[in-house]
Amino acid sequence: MSLCVLFLIITLSCSGPSGLGGASELAFIKEPSDVIAVRDRPLMLDCQVEGEGPITITWRRNGIPVPLGARVAVLDNGTLLIRNFQKRRDGDESDAGEYDCAAQNRYGLLISRKAHVQLASLPKFHTHPESMSVDEGGVARFHCAVSSIPEANITWERNRTTLNADDNRYTLLPNGILHITGVCQADSGSYRCVAKNIANTRYSHEAQLSVTANRLYKEPVILSGPQNLTLNIHQTAILECIATGNPRPIVSWSRLDGRSIGVEGIQVLGTGNLIISDVSLQHSGVYVCSANRPGTRMRRTALGRLVVQAPPEFLQWPQSVSKPAGTSAVFTCQAQGVPDPHLIWLKNGKILTPGENVKLSNNNRTLAVTRITAEDEAIYQCIAENSAGTNQASARLAVSPSADLPEAPQDLTVTPLSTTSLRVRWAQPERHLMDGIIGYVLHIRKLGEPDSSELQEAVSKDTFQHDFTNLEASTTFSIYVKAYSPLGASQQSNSVITTTLGAVPTMPSFFTKVLNSTAMQVFWELPAKAGRVEGYKLSHRKLPQQEFRHEERFPAHINTHTISNLEASAVYEIQLTAFNGNGDSIGNKRLVSLAETEKTAGESVCDCEGSMTALVVGIHIGMACIIFCALFLMFGYRHRCVCRSHRHSYLMNCPGVPQAAAAEPQCQVMIEPQADSGTG
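Heads up: the sequence shown runs through residues -15 to -1, 1 to 665, numbered per mature numbering (1 follows the signal peptide of the UniProt record, and there is no 0).
Pasting the structure below:
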């Protein structure tokens, strides 16, 4: 009966209205995006939201509210305006940081994506071009690097004059690399690079290029191969490969996995640099640059790994729902990306912490809110993050009016019946309130354990008492009850914390050790099963006495005791009992005899005068045995050596002896070297 009622209750509670109208839903039309700001110039960050008004827009920088004033303001459309972007020269204080906006109406609060705001800068070069000497007709390579925001545009000068970009012998890579192919004497001179962005212009140190006489032959050499790259999708990959040699080597590209590189978006810049525009996940892999000497199989190779990342994209969004109080709501959020995105949940803009009625599972893809109350009404956001970016999706949980839902059961009491059972009672509601009730569900779990361990038992609407059985002794439980109608569940009743009756300890185990004819030591172990131990009782009796006497008590941490002043040669019975507030355990008994100890002690007394003669005779006999064994071994070993020596000499002088003559294993092994030398 209870299973049928529970199935009916669950079915009805899951079939109510769940959809929400979209008119009141908060949603971002435009979120702030990453931007690079210039000192002392204005900066604007967008934040446009739709939804039921009034809507309040606030801004945070690095998680802290942005202070508003004459320099910083929020426009009517939610845009943040910083009239003059600042960075103090005497410290680290700056307007740079991570910005997000929060939109709030009466239904909840929504947080935008984080926008990374950086200050434009162009510091000094950290890599300058180095002077080099190149054979005429060879290849020259210069490299400079600077860490700038935004990425600086780099050009090159020769003798303080900008290089002619139309000369196809010059290859300028965006990452500050200059290739000069077919070097001639006219290319000699001083080279430097010029870096320029919105913040500044800087010049590198100068490097000298010297051109030497051409060699008739030079094996192919890769001067610079491809570097490992990690890019986001839609960016451009530049895989450098410059080779020299005489004759000029042929540069080719392939993938280590054997797949085709393709042709769309692929171009070769200069004499061998591979450019991949608008990279996708399929472009990830290890690329091989090969430099081959024409007409031969001689080649040199260099490898570079390209890793393409993708920011999170949602495969499944959480959906807004309306649920009656006391029921449950489940939100699902599934995202893909490279690397796999990590999911976190926000409730009204704050990180959601799992609790008694809030559970995250399936790697945070599933959010379950159970026993819904008015406090659970909020906007829940799923944030997907990986090293390539972030994405967010949101849903609202509305708690529907509960006027037609049953009232929570009243006057809940729990009475321990035994060590393994509890009786739960609640008040019978008034007759007009019972008409809509179809049953009750009782919830029980061990105190301190998660909600996932909770057990539920359903009873009919005319039942106001229920017994939980097969429980653990001396264990504390939390219990509450809900009433169900066709529309859903009531609020939960008050929770009652109750402990089952305690059990007496289990029988302790022990062993004894006889110390001498009048004393023994007793050792015992803690019981392995239920029943908290508060102490032990130890008593003994000398047989054939009927009663145990001399009872002694010990606290729970003591596990040994010595019983002394016993009667020699007597037999004693030892009894050990464990106890707690619920009573004593069954006593464990053991018989111990001191008679054997007395007998053994008497027989061990030595008659030293009577045994002295036997001791002297024993020593002489032992010495004679040792001498006899030594002589036996000596003569036996000598005889064996003589035999082996004679046998070996005979075989050495008679190489024609048939194999059968060497029947003894020793002889056969020793002849093999001689036979080998004879055949050789």
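Ideal placement from N, C-alpha and C gives every residue a C-beta, glycine not left out.
Keep in mind that this is a model prediction, so the values were computed, not measured.
Under 9 Å between C-beta atoms of residue i and residue j
i	j	result
D25	R46	no
V102	E78	no
G311	R356	yes
L65	M29	yes
P211	P234	no
V323	N342	no
L328	A369	yes
P490	E510	no
L500	N567	no
L148	L254	no
Reduced DSSP category for residue i - H, G, I as helix; E, B as strand; rest coil
i	result
H268	helix
A580	helix
Q170	helix
residue 689	Here the chain covers residues -15 to 665 and nothing more, so residue 689 does not appear.
A180	strand
M117	strand
E415	coil
M283	coil
M29	strand
D152	coil
A137	coil
I261	strand
S634	With a pLDDT of 38 at S634, under the threshold of 50, the modelled position of that residue is not reliable, and the figure given next carries that caveat. Reduced to three states, the DSSP call for S634 is helix.
Q377	strand
E360	helix
D85	strand
A615	helix
I218	coil
I606	helix
G587	Because the pLDDT at G587 is just 46, under 50, the model does not fix this residue reliably, and the point stays unresolved.
Exposed unless 16 or more other CB atoms sit within 10 angstroms - verdict on residue i
i	result
F496	exposed
L432	exposed
G36	buried
R143	buried
T398	exposed
L561	buried
C628	Any reading at C628 needs caution, since the residue's pLDDT is 37, under 50, leaving its predicted position unreliable; the model's value is listed next. Result: exposed.
S438	exposed
F453	buried
K332	buried
Y202	exposed
G424	buried
N371	buried
E552	exposed
P108	exposed
Q301	exposed
F70	buried
Q321	exposed
is_contact[residue i, chain C] using C-beta, thresh 9 Å
i	result
F539	The chain inventory of the structure shown lacks chain C, comprising one protein chain alone.
Distance between residue j and residue i (C-alpha atoms, nearest Å)
i	j	result
E434	V248	60 Å
S554	S524	19 Å
K72	E16	25 Å
C226	G167	16 Å
H542	I429	34 Å
R381	T317	13 Å
I42	S262	39 Å
I(-6)	L427	Low confidence applies to I(-6): its pLDDT is 43, below 50, so where it sits in the model is not reliable, and the reading given next is rough at best. For I(-6) and L427, the distance between alpha carbons rounds to 13 Å.
I260	L163	15 Å
T461	V556	46 Å
I40	I96	13 Å
T146	G174	11 Å
F13	T375	15 Å
S630	A615	The pLDDT assigned to S630 is 39, lower than 50, so where the model puts this residue is not dependable; a value taken from the coordinates is nonetheless given after this. Distance between the alpha carbons of S630 and A615: 23 Å.
T185	A137	As written in the sequence, residue 185 is Asn, which differs from the Thr given in the question. Each residue's alpha carbon lies about 9 Å from the other.
A383	W44	26 Å
V124	L194	11 Å
A228	A295	33 Å
A504	A458	39 Å
>> List, from N- to C-terminal side, the beta strand (DSSP E) runs of 3 residues or more that fit wholly inside the stretch 535 to 575.
In response: 545 to 548 and 556 to 565
>> Extract the residue ranges of the beta strand (DSSP E) inside the stretch 439 to 505, only unbroken runs of 3 or more that lie entirely within it.
In response: The qualifying runs are 440 to 444, 450 to 453, 461 to 470, 481 to 484 and 495 to 501.
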